[in-house]
């Protein structure tokens, strides 16, 4: 694929978003009672006795660990990397211990369902993805393409991580590489520059070097001395910038080859071509990086020891399991103070950046990092080498660990409520003639609170999205138009928590948006978009927004949901829904189920079938479920704040023509 073709494809994929998710809200409806057969019992997560407060890993160790004698399957107690006793599962809480699963078939709580209804069907798929156990039929096309899924909310199993951390050949390949170009790189490298332009710059760099070498020889000056001469300073600077950039790309390509992400014959040395960009994107998914450039974050990651990077993956995977087991979600985001685990930050800067104004009043500290740190110390996963050895030796299915005490406000039925601040609302056309969007000081944010002993405690603060002007294919106009997607403000409730949600395409959806190419002449349904999938329009989990109207619940089509459209989340715009990063949405849903009463209804049946011919091929799209439903009892109150209006707010939002300077961004055929 050429660069221009690749860019056109990406533009069309971006435009496709206007047809997904919240852009086509359903009619208002009254929702009452179960929508599917399921368990009638209201489930409440069991309470746990807080472990003694341990301010440091040493104080988390017990002087006299219990020994289990009255159960068939005791759980080993780990302290400082060794077994220090055992405990019966039912007794762990009384001893201040938390049982953490290390099994390869672990999945977050939100996919567990209950003993009556059973687990959410997507749980099996989640586990297979976490273990890199991919199928080969069309339903696995997206997974085979993406290869790594931590960025999208599915963390690798410890068996997979053991193979990575103990891959000595790969680590030796990395260790043997030179890094002069990457180390010297001081500017971001744009991945969208056409290859022809890159080749022109490379040729110019060669010519410039010959010229400067000749001048240097004639004047008997070094390159540094030449750079100090006003006549030659600019040319030396251009040469150094261009040559450093090319060498940095070469250095990156070599690292991508060590990871078997880049095949030699498919990439042009020193050029950001399609093969290199695809390999770069896979590398970013592997290390949970969000960027569109070879920037400082990407450079620093590439320069980091490969074993250290794999070790951080282990710690991130451990964190998800510790949070799920302990019921913690407090990650320091509300306090604007993320903390280290084992003396290092394990998240990319973009996930620990302070997106808002400082700490919130009573903002929770990073309890999740502290618990993960304590767990890593207990397991002996204190640095890459010991962790590699421990993983290679094999892990018990479950371990009992003494973690820092959970806060007093934690319970099986917490008084939770949420606020979604719409931030600065811009009603003007989104781009000026320089393709610049209006600057907003306040971006949208979701804050989860609990009330405890008269205090309002902010548990987390996540960046999210609100509606805005979006390009959308308008059949009545037979063209792409700008339409405004509203995120209504006011009180709402979260009653229905849906795991593995589906997006049901409306009849107006063009057929080309329902299919994807497979091979030379095959077309298949775009299953990852409809779900269930980490890449679906609603991600892996969603919370429905209902407006209470007397004794009715009105659904306006707005959801808080996971998404892989991470760029939109950091920019704060969507088609009306409130998007969260997938891993944060899964955490939020699992936390709610751990701390609220609910009913498991299970799959929501739907009989959607659409058959059509496309490019001479018969396509059959069939969806039998809208997702796996939990009903929160009682619901969680949500307040969508109006935000701050920038410019004027029109009484109605009529579709607008695309400005001339925007038309080249989108396809019309």
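Numbering (the numbering used here), first residue to last: 29 to 697. Just so it is clear, CB atoms sit at the ideal spot from N, CA and C, and this is done for glycine as well. Owing to the predicted nature of the structure, the values given are computational and were not obtained by experimental measurement.
- Do the CB positions of residue 400 and residue 300 come within less than 8 Å of each other? no
- Message: With the cut-off set at 8 Å, would you say residue 656 and residue 528 are in Cβ contact?
- Response: yes
- Query: Do residue 128 and residue 353 have their CB atoms nearer than 8 Å?
  - Reply: yes
- Task: Could you round the C-beta distance between residue 125 and residue 430 to whole angstroms and report it? I think they count as a contact, below 8 Å.
- Result: 6 Å
- Task: Check whether the segment 217 to 231 touches the segment 193 to 206, taking contact to mean three or more Cβ pairs, one atom from each stretch, closer than 8 Å.
- Result: no
- Task: Using only alpha-carbon positions, find the residue among 382, 335, 236, 488 that is nearest to residue 357.
- Result: 488
- Query: Name the DSSP bridge partner or partners of residue 136?
  - Reply: Residue 136 is not bridged to any residue.
- Query: Can you tell which of 520, 532, 571 has the C-alpha that lies nearest to the C-alpha of residue 578?
  - Reply: 520
- Query: If you drop the 5 nearest sequence neighbours on each side, which residues of the same chain put their C-beta closer than 7 Å to that of residue 321?
  - Reply: 216, 217, 218, 219
- Three-state secondary structure (DSSP) at residue 640? strand
- Could you work out which residue in 194, 172, 485 is closest to residue 158 when comparing CA atoms only? 172
- Through-space distance from residue 393 to residue 88, alpha-carbon basis: 19 Å
- Message: For residue 698, report the span of its beta strand (DSSP E) as first-last.
- Response: Here the chain has residues from 29 to 697 only, and residue 698 is not among them.
- Query: How would you label residue 448, buried or exposed, when you count the other beta carbons within 10 angstroms and need 16 or more for buried?
  - Reply: buried
- Task: Report the residue from 658, 621, 189 whose alpha carbon sits nearest the alpha carbon of residue 441.
- Result: 621
- Helix, strand or coil at residue 251 [DSSP, three-state]: helix
- Distance, residue 491 Cα to residue 328 Cα: 24 Å
- Message: Let me confirm a value: residue 239 is counted as buried when at least 16 other C-beta atoms fall within 10 Å, else exposed. Which label applies?
- Response: exposed
- For residue 650, the nearest candidate out of 639, 644, 660 (CA to CA): 639
- Between the CA atoms of residue 654 and residue 633 - distance to the nearest angstrom: 6 Å
- Task: Identify, in the order they occur along the chain, each residue of the same chain with its Cβ nearer than 7 Å to the Cβ of residue 200, setting aside the five sequence neighbours on each side.
- Result: none
- Item | Helix, strand or coil at residue 75 [DSSP, three-state] | Here residue 75 scores only 44 on pLDDT, less than 50, and its place in the model should not be relied on; the value that follows carries that caveat. Looking at residue 75 - three-state DSSP - the assignment turns out to be coil, as it is neither helix nor strand.
- Task: Measure the beta-carbon distance from residue 402 to residue 432 and round it to whole angstroms, keeping in mind my assumption that it falls under 8 Å.
- Result: 6 Å
- Query: Would you report the Cα separation of residue 687 and residue 506, rounded to the nearest angstrom?
  - Reply: 16 Å
- Item | Among 168, 160, 135, the one whose alpha carbon lies nearest that of residue 552 | 168
- Task: Kindly identify the DSSP beta-bridge partner or partners of residue 433.
- Result: Residue 433 is not bridged to any residue.
- With 16 other Cβ atoms within 10 Å as the buried cut-off, status of residue 368: exposed
- Note down the Cα distance separating residue 192 from residue 338, rounded to an integer number of angstroms. 7 Å
- Task: For the alpha helix (DSSP H) holding residue 612, just list the boundary residues, first then last.
- Result: 610 to 623
- Query: Since residue 590 is in the beta strand (DSSP E), which residue starts that stretch and which ends it?
  - Reply: 580 to 591
- Query: For the segment 216 to 292, which segments carrying the alpha helix (DSSP H) assignment without a break, of at least 4 residues, lie completely within its bounds, in sequence order?
  - Reply: 223 to 247, 251 to 255, 258 to 286
- Message: In the DSSP output, which residue or residues are listed as bridge partners for residue 126?
- Response: 429
- In or out: residue 254 buried (at least 16 other Cβ within 10 Å) or exposed? buried
- Item | Sheet register partners of residue 527 (DSSP bridge) | 569, 656
- Message: At the level of alpha carbons, what is the spacing between residue 670 and residue 305?
- Response: 40 Å
- Message: Let's test the definition: count the other Cβ atoms within 10 Å of the Cβ of residue 118 and tell me whether it reaches 16, buried, or not, exposed.
- Response: exposed
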